[in-house]
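All remarks here apply to the structure that follows.
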Ligand SMILES: [Ca+2]
């Protein structure tokens, strides 16, 4: 007899599967090393070490708007920088090479 096991992974509290929400690049104009940020909508994520304090441009995936913060853990008490699918081609100086965390919401 043959069994097929299907494993399903569910998100934490929302029951939504983690999705590709945003792409980050280490250079302006979507160049350099790329990191695809995966998570749930509204979930705060910290950038991995190779990208922490190095991001210079980013694109939200279609249908999302994303924000980055200088501090880890999306310190919403500080100013964040928000972008959509095209407006993050060149991070302003105050957050260029300084972002450490991010969060995306539905646009
Ligand atoms: Ca950079």
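Numbering (mature numbering (1 follows the signal peptide of the UniProt record, and there is no 0)), first residue to last: -18 to -1, 1 to 89. We treat Cβ as the ideally placed atom computed from N, Cα and C, and that holds for glycine.
Any idea which residues DSSP pairs residue i with across the strands?
i: residue 84; result: 27, 50
i: residue 45; result: In the DSSP output, where bridge partners are listed per residue, residue 45 has none listed.
i: residue 64; result: 49
i: residue 40; result: 6
Please report the straight-line C-alpha distance between residue i and residue j, rounded to a whole angstrom.
i: residue 19; j: residue 88; result: 15 Å
i: residue 55; j: residue 69; result: 23 Å
i: residue 14; j: residue 39; result: 10 Å
i: residue 7; j: residue 59; result: 25 Å
Taking residue i as the reference, give the member of the options with the closest Cα.
i: residue 48; options: 14, 11, 81; result: 81
i: residue 75; options: 67, 66, 62; result: 62
i: residue 30; options: 5, 65, 10; result: 5
i: residue 33; options: -1, 46, 52; result: 52
Just curious, the beta strand (DSSP E) that residue i is in, first and last residue?
i: residue 7; result: 1 to 9
i: residue 14; result: 13 to 21
Given 8 Å, three or more beta-carbon pairs between the stretch 69 to 87 and the stretch 13 to 27: Touching, yes, given that three or more Cβ pairs across the two stretches are closer than 8 Å.
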